[in-house]
Every structure is written in C-alpha cells, then in structure tokens.
Amino acid sequence: MVVYHIVIFKLAESATSQGISEFVASCRAMVGAVPGLISMEAGPCLPGTLHRSQGFDFGLCAILEKASDLPVYAAHDAHQPVMRQREALGVPGPSGVIAYDFEAGFN
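Here the working numbering is used: the first residue of the sequence shown is 103, the next is one more, and so on.
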C-alpha cells in the first residue's frame with residue numbers, strides 16, 4: 103500500500119525566500135535518489151485554510167511505495183541534508199514540527 107509521509111512546520115522569522123526555494127528543490131530532487139520515494143511536494147499553507155493551521159505555515163508530502171520504505175527514506179543520505187535544511191528554516195523544538203504517516207486504502 104502507498105504511504106503518505108506528511109510534515110508540517112512553522113517557519114522561523116529568519117527563513118528567507120531563497121532558503122525556502124532551495125528546500126523545495128531539494129525535496130523534489132530526492133525523487134529517483136531514494137528507493138521507494140514516488141513523489142514529493144512542498145509548499146505553504148493555502149490562504150483559505152491558514153486560519154485553521156495553528157501557526158504551521160509550510161508543509162511537505164512524500165509518497166512512498168510501502169510502509170517499509172519509511173525507514174529507508176529517513177536514513178537515506180539524500181534525506182539528511184534536506185532534513186537539516188528544514189531544521190534551519192523552521193521554529194526549533196518539537197512544537198514547531200509535526201510528522202504524520204498513513205497508508206492509502208484504510209478501511
């Protein structure tokens with residue numbers, strides 16, 4: 103079953119447009135480099151739902167072939183610098199990021 107890996111985070115005040123653009127490009131560049139990673143997109147919260155986002159203003163969604171690809175993705179060399187980029191852009195600490203994974207086809 104396909105797995106959706108969703109990460110939302112709060113951008114730090116120091117985050118720049120260039121840093122955000124580089125992060126998005128790095129996210130997309132992982133497709134083809136990380137085994138099992140089918141697709142990856144990242145972007146800001148849409149204006150229509152920003153009022154419900156509780157301060158989380160940026161997110162990403164990675165689509166992986168199966169649940170067993172998640173630890174491969176997490177540990178992969180291509181993922182490590184992207185994770186550091188996200189940490190540099192976001193509010194530090196656990197209150198600044200949420201990760202949520204689920205398999206398609208529930209029920």
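Glycine included, every Cβ here is placed at the ideal spot set by N, Cα and C.
Since this is a predicted model, take the numbers as computed values, not measurements.
Counted as a single uninterrupted DSSP element, the beta strand (DSSP E) harbouring Met142 occupies residues 139-146.
With the rule of 3 Cβ pairs closer than 8 angstroms, the stretch 189-196 does not count as touching the stretch 128-138. Comparing alpha carbon positions, the residue from Met185, Phe158, Ser170 closest to Lys112 is Phe158. The beta carbon of Glu167 sits closer than 7 angstroms to those of Val104, Gly138, Ile140, all from its chain and outside the five residues before and after it, given in chain order. Per DSSP, the unbroken alpha helix (DSSP H) holding Leu191 starts and ends at 181-191.
Leu162: member of the beta strand (DSSP E) spanning 160-166, first to last residue. Considering only Phe204, Ala206, Ile200, the residue with the shortest C-alpha distance to Ser155 is Ile200.
For Ala127, the enclosing alpha helix (DSSP H) starts and ends at 119-131.
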